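J.: Chains as they are written, first to last, in this note's numbering: chain F, -16 to 602; chain Z, 33 to 131. Each residue gets a CB set at the ideal place from its N, CA and C atoms; glycine is no exception. These numbers come from a predicted model, not from an experiment. The structure is given below, and queries will be raised subsequently.
Below you can see the structure in the form of C-alpha cells.
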C-alpha cells in the first residue's frame, strides 16, 4: 500500500521517459493521473489513519533486505506515521495541482513530455524521502529530488544561464550531502544502526559530543537542501527553471526537506543544546538575509525565492527551538507550501500573460487585466504577511510566540522578519498589480486559461482556510505530538500582547512599501544611484562573490598549483628517471661491439681481476 | 729438473695463446691460440700432479683434452660455415651481433 504511493508516479516517469515520442500526445495526462492517483491513495490512507487510535497510527512496510553485510543491516522499509502523512498530502496534493497547471503553462513547449516525466520523477523521489524508515533510504530519496531538481532547473537547456544554474544547484547541494553522509556514517559507527527507530532508541546512550557532531552534520545537510545560510546561493539561480518547478520544488516541497530532516532527527537535536543553537542561528540569519534580498529584487520570481529562503529560515528556527517548536515548524511548512505555491503559480500566470517577462518594472496595473490571478495572488499575499485569519498568520504567529519564549533576540529577529516580509510582498503587489501600466510595446496582458487558474484558486482557498483547518479541525499540535513531541513554552510574552505588536510591525512594513512603490510611480529602469544596502540586496547579499573569493578562486589556485606540481615535479621525477636509465643504457649498449677480440679482452680483464682479488684476499 | 720450469713454460705458452686470441684476426689462428692456452693449462696440471705425486691433475688434463676435442668440432664447424657464406675467416668481419 505505502509502496504504491511512490510506485505510481515512478511508473509514470518510467513510461514517459522510456516511451519517448510515442507518448507525446497523452504523456501529460498520464503524469497528472499518476500524481492524482497517488494523492487519492494518500487521502484514503490519511482517512484510515485518522480513524485509528493514536497508538496504532504508525504503519510500516518492509519490502526487502536492501543491504546486509555483517553488522550493517539496512532494510528497504517504508514507514507511514503522522508526520509522513501530512507530507504525503502536501506533496501529492500541491504536486497534482501543479501538474494540472503545467498542462496549460507548458502547452507550447516542444519538450512538454520530458517535463512531466521529470515532475513525476520528482514526486516519486520526494515521497521516498519522506516515507523511508531509515536514514540511508532517506538519502536515496534525498539524492533523487536533487537529481530531479537539477534536471528541471536546467530544463531550458538551450539557455546557458539555465544550464549553469542547474549545475550550481547540484554542486552546492553536494556540499550539504557530504553532511548527510557524514551523519549517517557517524550514526552507524555510534549506534550500529541507521533506522529511525534504532537511532531514536539508542540516542540517549550516545556520548554528547558525538551527538552534537551528528546534529551539526545533519544541519549542514539541511542547509544545502533548504538553501539556508551559508549554502543559500543556489536557490535564487534555481529560478531559471520553469515556474511550476519553482512552485513545486523550490517553494513548496523539496526545499523544505531540510526542515523535515531536522524534525525527523529530533531525538538527536533534543539531546544537543549546541546543535539546536546552531540550527536557530542559521535559521535566524537566513530568515533575515532572505527577506533582505527579497526587498530589492525586480525579478518577480527571485523576489519570491528570497521570500522562500526567509520562510524556510522561520521553519528551521522553529525546529531549532526543540520540542516547543517542531510542531510549528511543520505547521508553517504546510501553510507555506500552500500559499507560496499559490504565489509562484500566480507569478507564472502573470509571466504567461506578459511574454515571459519577469521584470516587475515592466508590469503595473495588472489587476484589471488579470482578475483571477490578482485575487489569488492577493490572498496568498495576505497569507504570507500573516494577516488574520489567513493561513500564514496562525503558523508564523506561533513561531514568533515560541521564539520569544526562548530568547528575546531570536524573537526580535522573527518579528523584524515579519515586518520585512510585509514590506517586500507589498512592494511586489504594488509593482505588479497597482500603479500605472509600464508594459513593453508588444505585450498584451491577458488572463490565463482555466487549466491554470483552477489550481491557483484551489491553492488560494488553502491559503485562506488552510491554517484554521489544520489548527482547529486537524488539531495539528496533538496530531504530530506522538512523532515529534510537543511542549508548551513555559513563559513567553502573552498572545494578547504579541499579536497586536506583530500586526503593527506587519502593517508598518506594508505601509512603508505602499508609500514607496504604490503611491509614487515606479521607474521602468531600475535606479542606479541607490544605497549600498540596495546594491547588496540586488547582488544576493554578495553570496556569489563571497563564494567566489573564498572558495572558487583559492580552489582554482590550488588546482592550478597541483597541476603544476604534478606535471613538473612528479612527472619530472618519473620521466627524468626513465630518461637517465635510457641514456645510460644507450651508452652501455656500445660495449656490445660485435668484435670477439674485445669480448676476449674483457674476459681476460675479468679473469685477471678475479685472480688479483683471490691473491689479495688469500694472502 | 726443477718442476718450476714446467710451470714457467706453461705460463709462457698461455701468454702466447692470450696474445694470439687478442691480436690475430684469422679465426683459425685465434682457434689455435685458444688450443694453445688449453694445452698450457694441461701442462701446468700435469706438472703439478707430478710435483705432488697424485693423479688429480692428470685426470683433469684428460677431461680438458676431451672437452677441447668436442669444442674443436663445434668451433671448426662454425668457422667453416662462416667462411662459406662470407668468403673470409676474419673474426672482425663477422661482427653483426652488436648493439
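Grab me the residues of residue -11(F)'s own chain with a C-beta within less than 7 Å of its C-beta, minus the 5 sequence neighbours each way, in chain order.
T.: Counting only Cβ-Cβ distances below 7 Å, and skipping sequence neighbours, we find 107, 110, 111 and 114.
J.: Go to residue 50(F), then tell me how far its alpha helix (DSSP H) extends in each direction, as first and last residue.
T.: Where residue 50(F) is concerned, there is no enclosing alpha helix (DSSP H), although the beta strand (DSSP E) it sits in stretches over 42 to 52.
J.: Given this structure, state the Cα-to-Cα distance separating residue 23(F) from residue 29(F), to the nearest angstrom.
T.: Roughly 10 Å separates the two Cα atoms.
J.: Cα separation between residue 258(F) and residue 480(F)?
T.: If you take the alpha carbons of residue 258(F) and residue 480(F), they lie about 31 Å apart.
J.: Of the residues 525(F), 342(F), 194(F) and 80(F), which one's Cα is nearest the Cα of residue 227(F)?
T.: Comparing Cα-Cα distances from residue 227(F) to each of 525(F), 342(F), 194(F) and 80(F), the minimum goes to 80(F).
J.: Could you spell out the range, first to last residue, of the alpha helix (DSSP H) harbouring residue 82(F)?
T.: Counting along the chain, the alpha helix (DSSP H) containing residue 82(F) begins and ends at 65 to 88.
J.: Would you mind stating whether residue 245(F) and residue 202(F) have Cβ atoms separated by less than 9 Å?
T.: It is a contact, given that the beta carbons lie within the stated cut-off.
J.: Please list the segments of the alpha helix (DSSP H) lying wholly inside the stretch 214 to 262 of chain F, counting only runs of 4 or more residues, in order along the chain.
T.: Those alpha helix (DSSP H) runs which fall completely within the stretch 214 to 262 of chain F and span 4+ residues are 216 to 220, 226 to 230, 240 to 247 and 249 to 254.
J.: Looking only at its chain, what residues have a beta carbon closer than 6 Å to the beta carbon of residue 462(F), apart from the 5 residues adjacent to it on each side?
T.: Only 65 meet the Cβ criterion.
J.: Check the DSSP bridge columns for residue 288(F) and list the partner residues they point to.
T.: For residue 288(F), which the question treats as bridged, DSSP gives no partner whatsoever.
J.: Taking a cut of 9 Å between CB atoms, which residues from the stretch 112 to 128 of chain Z lie near chain F?
T.: Going along the stretch 112 to 128 of chain Z in chain order, one finds 123, 124, 126, 127 and 128 with a Cβ nearer than 9 Å to chain F.
J.: From the DSSP output, in three-state form, read off residue 57(F) for me.
T.: Residue 57(F): strand per DSSP, three-state reduction.
J.: Do you know how far the Cα of residue 319(F) is from the Cα of residue 73(F)?
T.: C-alpha separation (whole angstroms): 10 Å.
J.: Output the distance between the C-alpha atoms of residue 374(F) and residue 312(F), rounded to the nearest integer angstrom.
T.: Straight-line Cα distance between these residues: approximately 14 Å.
J.: Spell out the partners DSSP gives residue 282(F) in its beta bridges.
T.: 342(F).
J.: Under 7 Å Cβ-Cβ, which residues of chain Z neighbour residue 577(F)?
T.: Within 7 Å Cβ-Cβ: 127, 128, 129 and 130.
J.: Closest Cβ-Cβ distance between residue 601(F) and chain Z: below 9 Å?
T.: Output row for residue 601(F): interface = no.
J.: Find out if the Cβ-Cβ distance for the pair residue 33(Z), residue 49(Z) is shorter than 9 Å.
T.: No, they are not a contact pair.
J.: Could you tell me whether any Cβ in chain F is nearer than 9 Å to the Cβ of residue 57(Z)?
T.: Cβ-Cβ to chain F under 9 Å: yes for residue 57(Z).
J.: If you run the structure through DSSP and keep just helix, strand and coil, what is residue 185(F)?
T.: In this structure, residue 185(F) counts as helix in the three-state DSSP scheme.
J.: Hey, could you find the ends of the alpha helix (DSSP H) residue 21(F) is sitting in?
T.: Element bounds for residue 21(F): 10 to 34.
J.: So if I threshold CB-CB distances at 7 Å, which residues from the stretch 562 to 588 of chain F count as touching chain Z?
T.: Here the close residues are 572, 573, 575, 576, 577, 578, 579, 580, 583, 584 and 587.
J.: Say whether chain F places a C-beta atom closer than 9 Å to the C-beta of residue 22(Z).
T.: Chain Z is shown only over 33 to 131; residue 22(Z) falls outside these bounds and no answer can be derived.
J.: Cβ of residue 98(Z) less than 9 Å from any chain F Cβ?
T.: Closer than 9 Å: no.
J.: To the nearest angstrom, report how far apart residue 582(F) and residue 549(F) are at their CA atoms.
T.: Cα to Cα, the separation comes out at about 45 Å.
J.: Check whether the Cβ atoms of residue 423(F) and residue 345(F) sit closer than 9 Å, and answer yes or no.
T.: Closer than 9 Å, so yes.
J.: Which two residues bound the contiguous alpha helix (DSSP H) that contains residue 537(F)?
T.: That run of the alpha helix (DSSP H) goes 536 to 548.
J.: By DSSP's criteria, residue 115(F) is part of a beta bridge. Which residues make up the other side?
T.: Partner(s): 61(F).
J.: With DSSP as the reference, label residue 122(Z) as helix, strand or coil.
T.: In this structure, residue 122(Z) counts as strand in the three-state DSSP scheme.
J.: Between the Cα of residue 143(F) and the Cα atoms of 160(F), 220(F), 179(F) and 209(F), which residue gives the shortest distance?
T.: Comparing Cα positions, the closest option is 220(F).
J.: Relative to the C-alpha of residue 97(F), which residue among 566(F), 487(F) and 0(F) is closest?
T.: The residue with the shortest Cα to Cα distance from residue 97(F) is 0(F).
J.: For the stretch 36 to 65 of chain Z, list every residue whose C-beta sits within 7 Å of some C-beta in chain F, in sequence order.
T.: Those would be 50, 53 and 54, in chain order.
J.: Strictly by DSSP, which residues pair up with residue 136(Z)?
T.: Lying outside 33 to 131, the shown extent of chain Z, residue 136(Z) is not represented and no answer is given.
J.: Do residue -13(F) and residue 21(F) have their C-beta atoms within less than 9 Å of each other?
T.: Taking 9 Å as the Cβ cut-off, residue -13(F) and residue 21(F) qualify as a contacting pair.
J.: If I measure Cβ to Cβ from residue 101(F) and keep anything under 8 Å in the same chain, skipping five residues before and after, which residues do I get?
T.: If we look at residue 101(F) and ignore the five residues flanking it on each side, its Cβ neighbours are -4, 131, 134, 135 and 138.
J.: Taking the straight line between their C-alpha atoms, what separation do you get for residue 477(F) and residue 370(F)?
T.: Approximately 18 Å between the Cα atoms of the pair.
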